[in-house]
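**Q** Just dropping this structure here.
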Amino acid sequence: MKKKKRIPRAVRIPVTRALRDEFAMSLHTSLRGLEHAPSVDIFDNLAGIFNVVQLALEHDTKHSHEARLITGGAAALNQAMARVVAGQSPAAHEIAPIRVGINTIDALLGRLDVLALHGAIQRLRTMRATNQQGIHNDNQN
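In our numbering, the protein residues as written are 12 to 152.
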């Protein structure tokens with residue numbers, strides 16, 4: 012009798028309730044702020060969370076529908092950026108897909124892997140640092 016070859020799988024560490032609650036609180040309070048007291052800081056906070064979750068889902072085929080909803084929310088957030096920078100609340104048609112994206116992230120957080128989120132945070136930091144370095148180099152020329 013042949014022994015079946017064991018293929019090791021990566022350890023999956025689920026998002027804990029406390030971490031999920033922290034993300035959810037940040038998402039929902041930022042949405043409320045975006046609607047009633049828009050600022051660049053609130054926009055950046057939401058954009059950062061959307062980017063991290065999108066990066067974490069990049070090659071995740073199990074959550075492709077959720078990834079599309081989150082991408083739609085991120086696109087609406089980008090579309091509203093000029094209004095937010097001007098201190099204006101996004102229009103209702105812009106808020107609706109942002110809310111869908113936020114609710115999708117909130118519902119999905121308990122099913123995500125902490126290591127995937129951590130890796131996404133590190134990738135986003137690297138991307139931002141590279142972008143800042145490129146801007147710095149362009150300004151020197």
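All C-beta atoms, glycine included, are put in the ideal place defined by N, C-alpha and C. The structure displayed is predicted, hence computed values, not measured ones.
Along the chain, where does the alpha helix (DSSP H) that runs through residue 108 open and close?
**A** Your numbering for residue 108 matches position 97 in the sequence shown. Note, residue 108: alpha helix (DSSP H), 103 to 119.
**Q** Within 10 Å of its beta-carbon, does residue 126 have 16 or more other beta-carbons around it, so buried, or fewer, so exposed?
**A** On the sequence shown, position 115 is the one that residue 126 refers to. Exposed, because fewer than 16 other Cβ atoms sit within 10 Å of the Cβ of residue 126.
**Q** For residue 33, count neighbouring C-beta atoms within 10 Å of its own C-beta (all shown protein chains included) and say buried if the count is 16 or more, exposed if not.
**A** As a working mapping, residue 33 is identified with position 22 in the sequence shown. Exposed, because fewer than 16 other Cβ atoms sit within 10 Å of the Cβ of residue 33.
**Q** Helix, strand or coil for residue 55, going by three-state DSSP, please let me know.
**A** Along the sequence shown, read from residue 1 onward, the residue named residue 55 stands at position 44. Residue state, collapsed to three classes: helix.
**Q** Assuming residue 42 contacts residue 117 under a Cβ cut-off of 8 Å, what Cβ separation, rounded to an integer in Å, is found between them?
**A** The count along the sequence shown starts at 1 and reaches residue 42 at position 31. The count along the sequence shown starts at 1 and reaches residue 117 at position 106. Contact doesn't hold; Cβ gap of about 10 Å is too wide.
**Q** Identify whether residue 71 lies in helix, strand or coil by the three-state DSSP scheme.
**A** If you number the sequence shown from 1, residue 71 lands on position 60. Three-state DSSP puts residue 71 in coil, outside helix and strand.
**Q** Within 10 angstroms of its Cβ, does residue 101 collect 16 or more other Cβ (buried), or is it exposed?
**A** Here the question's residue 101 lines up with position 90 in the sequence shown. Under this definition residue 101 is a buried residue.
**Q** Assuming residue 31 is part of the alpha helix (DSSP H), what are its boundary residues?
**A** As a working note, residue 31 is residue 20 in the sequence shown. Looking at the DSSP string, the run of the alpha helix (DSSP H) that includes residue 31 is 28 to 47.
**Q** Out of 151, 145, 98 and 134, point me to the one whose CA is closest to residue 68's CA.
**A** The count along the sequence shown starts at 1 and reaches residue 68 at position 57. Checked all of 151, 145, 98 and 134; the closest Cα to residue 68 is 134.
**Q** Taking contact to mean 3 or more Cβ pairs, one atom from each stretch, closer than 8 Å, check whether the region 51 to 70 and the region 20 to 28 are in contact.
**A** Because the criterion of three Cβ pairs below 8 Å is not met, the region 51 to 70 and the region 20 to 28 do not touch.
**Q** Under the rule that 16 or more other beta-carbon atoms within 10 Å means buried, what is residue 115, buried or exposed?
**A** Position 104 of the sequence shown, counted from the first residue, corresponds to residue 115. Per the 10 Å Cβ criterion, buried.
**Q** Compute the Euclidean distance between the alpha carbons of residue 144 and residue 63, then round it to the nearest angstrom.
**A** Stepping through the sequence shown from its first residue, residue 144 is reached at position 133. Stepping through the sequence shown from its first residue, residue 63 is reached at position 52. The alpha-carbon atoms of residue 144 and residue 63 are separated by roughly 20 Å.
**Q** One question on the structure: do residue 111 and residue 49 come within less than 8 Å of each other, judged by their Cβ atoms?
**A** On the sequence shown, residue 111 is found 100 positions in, with the first residue counted as 1. On the sequence shown, residue 49 is found 38 positions in, with the first residue counted as 1. No, the Cβ-Cβ distance between residue 111 and residue 49 is not below 8 Å.
**Q** Excluding the 5 residues flanking residue 21 on each side, which residues of the same chain have their C-beta closer than 8 Å to its C-beta?
**A** Taking the sequence shown and counting its residues from 1, one reaches residue 21 at position 10. Hits under 8 Å: 126.
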